[in-house]
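Residue numbering for the sequence shown follows my numbering, starting at 466 and increasing by one per position.
Think of the CB as a built atom: it goes at the ideal place given N, C-alpha and C, for glycine as much as any other residue.
In this text, all values refer to a predicted model and were calculated from it rather than measured experimentally.
Below you'll find the structure, written out as structure tokens, and then a few comments.
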Amino acid sequence: MNAPLQQRLAGQTAIVTGGAGGIGRATAARLISEGAQVVITDINKEAGHAAIKKLGDQALFIQHDVTKPSQWQNVIEHTISAYGGLNILVNNAGVCIFNGLLDYSLEEIQTILNINLLSVMLGTQAAAPHISKAGGGAIINMSSSEGLSSVNGLSAYVASKWAVRGYTKASAMELGPLGIRVNSVHPGGVNTPMANPTAMGKAEFDEPYKKYPAQHGAEPENIASVVAFLASKDAAHCMGAEIAVDGGMTTGKYIDFLPGSPNPV
């Protein structure tokens, strides 16, 4: 039986973008379980309302295009009106479009950069003054294992996630003196609709990850627990950190004909 979670975030208010599903919804659930009040935002209105029905009374949904500054102001205003302040921002909204490096259209590139990078910058600018006013807190930016390495077919996505990693460090430098800790999380191989669009079963989804130390893919809850840590005072001295939650994908992969592989040939 799992032990009850500590109420590390009691009395705290968080915004989680892209919170209607996947890592975002799991993150919202984890923050709530640790005592926080959570505003989830998402472009998908139907999914957002479905999510808060599952999340309960400590959750509020606001439809939100994260690439629009005016909508960021609306989210901040509604959050403060509902809960009296803001302590935590999780910049989680993201998009992934597969294409060859030479084949990406300008529209695809702009979509990826706007949702994955511009939204982080807009959210940080909108939220930071209010987090500081509340006495400080945390901003957690969702990058990717591809923000630490690379993969073919995702050059625009890779560029956006490396940029999030760099922007996180720049933000930590300037916002640290205001009492705001800024860190990035780098998930890899997470069983969500983004990474598993054909809804493969667990065994099939896990198969490609046997070449890495964890030997299987991740679940959204694995990422959510790290976000909750970074949001809490347990991470009081983490500033500009990049935390890979990828089962060892960025550590290296096994060469099965060499000693030490769990899958020898």
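Query: Once DSSP output is grouped into helix, strand and coil, what is the label at glutamine 590?; Result: helix
Query: Quick one: give me the first and last residue of the beta strand (DSSP E) that proline 652 is part of.; Result: 645-652
Query: Closest by CA to leucine 567, which one among Leu619, His514, Val650?; Result: Leu619
Query: Using a threshold of 9 Å, state whether the C-beta atoms of arginine 439 and alanine 693 are closer than that.; Result: Coverage of the chain is limited to positions 466 through 730, which leaves residue 439 absent and any answer about it impossible.
Query: Using CA coordinates, which residue listed in Asp721, Ala706, Gln472 is at the minimum distance from glycine 612?; Result: Ala706
Query: Tell me whether glutamate 499 is buried or exposed, calling it buried when 16 or more other Cβ atoms sit within 10 Å of its Cβ.; Result: buried
Query: Hey, valine 481 and isoleucine 517 are a contact pair by Cβ (cut 8 Å); roughly how many whole angstroms apart?; Result: That pair is no contact at about 11 Å.
Query: Which value, in whole angstroms, describes the spacing of the CA atoms of alanine 689 and isoleucine 720?; Result: 31 Å
Query: Can you list, in chain order, the residues of its chain whose CB lies under 7 Å from that of valine 691, leaving out five sequence neighbours each side?; Result: Val650, Ile708, Val710
Query: Please classify threonine 716: is it buried, with 16 or more other beta-carbons within 10 angstroms of its beta-carbon, or exposed?; Result: exposed
Query: Between methionine 466 and isoleucine 553, what straight-line distance do the alpha-carbon atoms span, to the nearest angstrom?; Result: Residue placement at methionine 466 is poorly supported in this model, since its pLDDT is 38, which falls under 50; the coordinates are not used for a value here.
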